[in-house]
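Colleague:
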Amino acid sequence: MRALLSFRFVAAVAGIFVLLFIVRSVTADDEVDQVAADTSTTPVSRVINLAERLDRSTERFAVNPEGLATSKVTFTIDEQRAVTIVEGTTGVNDCTIPDLAQGNCAIFADLLGEAVIWFSLQPVVNNDHVVLPAVTGFERGLAVLENGMRLSHAPAFIRRCPAEYASFTEMRTDVGTDFVSWWSFDEDELTDVVCTTQ
11 MRALLSFRFV AAVAGIFVLL FIVRSVTADD EVDQVAADTS TTPVSRVINL AERLDRSTER
71 FAVNPEGLAT SKVTFTIDEQ RAVTIVEGTT GVNDCTIPDL AQGNCAIFAD LLGEAVIWFS
131 LQPVVNNDHV VLPAVTGFER GLAVLENGMR LSHAPAFIRR CPAEYASFTE MRTDVGTDFV
191 SWWSFDEDEL TDVVCTTQ
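Under the numbering used here, residues 11 to 208 are what the sequence shown spells out, in order.
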């Protein structure tokens, strides 16, 4: 027992703990930097549970530079449904006040129950569709967009490009992410991909 608690033994154990602490401190800083770098380039995954056109609205609504709703607002979807965005909810608002007033705005939202936890307000084009970012992949039956949104999609996309492509995969290989996708309200899914380069 005496030999177990000798000064040399205690000093050796303490030295091991000091070395472990130093190694842990150095590697922990590297891990934090790596995680921070990864999160800044990878968009947050958003499964879109609500994709609807909004009724006309005179509500003044904005998103601040940090991407947070500046006030609480309730938008009507149809006569019997509404969606409320509370102040501080993260999201994107690409609709103008005239878009909202004319009923030319759509909401794409990630919901938790009935609560909006993330949203994107987008203008409606030609009373028919919404232009969204490029499709970068597919996961669990949903298309994954460049901004992290996950949406239902048609079995085959209509490809609108100057060149003819036999498949979406061939098009993606050729143009990368130089295209946009269209959300159709008639089909309630992503239906078209449109090249943005000539």
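Just so you know, even glycine gets a beta-carbon here, dropped at the ideal spot from N, CA and C.
Since this is a predicted model, take the numbers as computed values, not measurements.
Helix, strand or coil, according to DSSP, for Glu199 in the structure here?
Modeller: Strand, per DSSP.
Colleague: Roughly how many whole angstroms lie between the Cα atoms of Ala166 and Arg34?
Modeller: So the two alpha carbons sit approximately 50 Å from each other.
Colleague: Could you name the residues of the same chain whose beta carbon sits closer than 6 Å to that of Ser81, not counting the 5 residues immediately before and after it, in chain order?
Modeller: Excluding positions up to five away in sequence, the list reads Glu97.
Colleague: Compute the Euclidean distance between the alpha carbons of Cys171 and Ile32, then round it to the nearest angstrom.
Modeller: If I take the Cα positions, the gap works out to 57 Å.
Colleague: Whole angstroms are fine: how far does the CA of Val126 sit from the CA of Ser191?
Modeller: Near 23 Å, if we compare the C-alpha coordinates of Val126 and Ser191.
Colleague: Could you tell me which of Val93, Arg66 and Leu121 sits nearest to Asp109, measuring between CA atoms?
Modeller: Looking at the Cα atoms, Arg66 is the closest of the given residues.
Colleague: Let me make sure I understand the geometry here. Which of Ala24, Arg169 and Tyr175 has the alpha-carbon closest to that of Val204?
Modeller: The option with the nearest alpha carbon to Val204 is Arg169.
Colleague: Got a sec, what are the start and stop residues for the beta strand (DSSP E) Thr146 sits in?
Modeller: From DSSP, the beta strand (DSSP E) with Thr146 extends over Val145 to Glu149.
Colleague: Buried or exposed for Phe129, please, with buried defined as at least 16 other CB atoms from any protein chain shown within 10 angstroms of its CB.
Modeller: The residue in question, Phe129, is buried, as its Cβ has 16 or more Cβ neighbours within 10 Å.
Colleague: Just the Cα atoms here: how many angstroms apart are Asp196 and Asp138?
Modeller: C-alpha separation (whole angstroms): 7 Å.
Colleague: DSSP state of Gly25, grouped into three classes?
Modeller: Residue state, collapsed to three classes: helix.
Colleague: Is the beta carbon of Leu64 sitting closer than 8 Å to the one on Cys115?
Modeller: Yes, Cβ-Cβ distance for Leu64 and Cys115 is below 8 Å.
Colleague: Take Leu155 and list the residues in its own chain whose beta-carbon comes closer than 8 Å to its own, dropping the five residues that flank it on each side.
Modeller: Excluding positions up to five away in sequence, the list reads Leu142, Pro143, Ala144, Val145, Thr146, Leu161 and Ser191.
Colleague: Which parts of the region 45-124 are runs of the alpha helix (DSSP H), unbroken and 4 residues or longer, counting only runs that do not cross its ends?
Modeller: Runs found: 107-112.
Colleague: Bridge partners for Pro133 per DSSP, in chain order?
Modeller: Cys115, per the DSSP bridge assignment.
Colleague: Give me the Cα-Cα distance between Thr179 and Gly123, rounded to the nearest whole angstrom.
Modeller: Going by the C-alpha atoms only, they are around 35 Å apart.
Colleague: Quick one, which of Thr183, Arg150 and Thr201 has its alpha-carbon nearest Ser55's?
Modeller: Taking only the C-alpha atoms, the option nearest Ser55 is Arg150.
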